[in-house]
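Numbering (our numbering), first residue to last: 50 to 133.
First the structure, in the form of structure tokens, and then the observations on it.
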């Protein structure tokens, strides 16, 4: 089964954080929403306008293949804090 690779881009450092794997975009988004809600002192919660959640590729867990893509921003973290 192919899973997606995600990374959070930091506008301040102009760097991508280490990637993480999740089943799909919705599941990754839920993970980040939970992180923000349960860690209000985190940089993501304090400065959400500086971060973007990006899809950076896919990973096949059966064979170990990683396919890297050009990062695609699919969620601005600032928009998550506005929904809370």
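Every residue gets a Cβ at the ideal spot worked out from N, C-alpha and C, and that includes glycine.
Since this is a predicted model, take the numbers as computed values, not measurements.
Just curious, the alpha helix (DSSP H) that residue i is in, first and last residue?
i, result
"residue 113", "Run containing residue 113: none; DSSP gives neither H nor E here."
"residue 60", "First-last for residue 60: undefined, no H or E at that position."
Note down the Cα distance separating residue i from residue j, rounded to an integer number of angstroms.
i, j, result
"residue 119", "residue 106", "8 angstroms"
"residue 59", "residue 114", "26 angstroms"
"residue 23", "residue 69", "The structure shown has nothing for residue 23, since the chain only spans 50 to 133."
"residue 75", "residue 123", "10 angstroms"
"residue 117", "residue 57", "15 angstroms"
"residue 53", "residue 71", "6 angstroms"
"residue 86", "residue 93", "10 angstroms"
Taking only three categories from DSSP, how would you classify residue i?
i, result
"residue 91", "coil"
"residue 108", "strand"
"residue 98", "helix"
"residue 124", "strand"
"residue 133", "Here the model assigns residue 133 a pLDDT of 47, short of 50, so the residue's position is not dependable and the matter cannot be decided."
When we look at the beta-carbon of residue i and count the other beta-carbons within 10 Å, is it buried (16 or more) or exposed?
i, result
"residue 89", "exposed"
"residue 121", "exposed"
"residue 64", "exposed"
So what does residue i bridge to, in DSSP terms?
i, result
"residue 117", "106"
"residue 54", "70 and 106"
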